[in-house]
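This report concerns only the one structure given below.
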Amino acid sequence: MGEKVLSVRELQEKDITPLSDYWFSAEPGFLEGIGVDLAKMPARDEWQEMLATQMRQGYEEKQSYCVIWQADGQAVGHSNVNKIVFGQEAFMHLHLWKPDFRQKGMGTDLVKLSLPYFFKNLQLKTLYCEPYALNPAPNKTLEKVGFDFLKEYITTPGWINFEQPVCLWALTLEKFRKL
1 MGEKVLSVRE
11 LQEKDITPLS
21 DYWFSAEPGF
31 LEGIGVDLAK
41 MPARDEWQEM
51 LATQMRQGYE
61 EKQSYCVIWQ
71 ADGQAVGHSN
81 VNKIVFGQEA
91 FMHLHLWKPD
101 FRQKGMGTDL
111 VKLSLPYFFK
121 NLQLKTLYCE
131 PYALNPAPNK
141 TLEKVGFDFL
151 KEYITTPGWI
161 NFEQPVCLWA
171 LTLEKFRKL
C-alpha cells in the first residue's frame, strides 16, 4: 500500500451506514478484543438514530461528536468523543474500520488531524482517552501523538463496554498547541 493522503472531516449522513457496518458486521472476537460487551450493543436502527441526532445538534449540545478518517478520500475509520463537558473535557475513541489500514502508522497521523476538531469545536481544556489496556494499538498511538499517560485502572469505560483494565491518557490544550 503506497503513501496515502490522509484527511479528517465531520460526520455526514453518508457515513452512517459504513460506520454502523463497522460495529454490526464485525466479528464478535474483534469487538470483545476492543472491550465491547456484546450484550450491551443497541439495535442497529437505534445506533443509526443516535448518529443522526448527533449531526443535528450544535456543539454545545452534543453528547457525542464524531469525525471521519479518510485515506485518499475514502472513509477508513472514525474518532469520536463522548462524556463531553463543553468548554472543559471529553473522552476520545479511535477506530480504524478496515483491517488492512491497521498497524501501518496511519492512526497516529489521523489522531493528530482529529485533535483540532475536538479542541476548537468543543472548546476543550483537556482531552482524555482510556483504551482497553489489553489492546496495544491505541495505547501506542496515544503515546506517539504526545498524550500523557496518567494511570491504569479497572472501570467500565463506556455504555457498550464490559468492566476492564484501561490506560488513562490526557492531552491538555497547552500541550496540544505545542504539537
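So the sequence shown is numbered by the UniProt record's numbering: it starts at 1 and just counts up by one.
Ideal Cβ placement from N, Cα and C applies to all residues, glycine included.
Predicted, not measured: the structure shown is a model, and the values here were computed from it.
- If you check the CB distance, A137 and G107 come in under 8 Å.
- N82 and K178 have their C-alpha atoms roughly 24 Å apart.
- Shortest Cα-Cα distance from N80 to any of Q74, F91, Q70, D72 involves F91.
- Counting along the chain, T155 sits inside the beta strand (DSSP E) bounded by residues 148-155.
- Sixteen is the threshold: since fewer than 16 other Cβ atoms of the shown chains lie within 10 Å of the Cβ of K40, the residue is exposed.
- Among the bridge pairs identified by DSSP, F91 is matched with N82, Y128.
- For the pair H78 and L124, the Cα-to-Cα distance works out to about 19 Å.
- In the structure shown, the three-state DSSP call for N139 is helix.
- The residues Q54, I84, in chain order, have a CB closer than 7 Å to that of K62 in the same chain once the five nearest residues on each side in sequence are set aside.
- Bounds of the alpha helix (DSSP H) holding I16 are 16-24.
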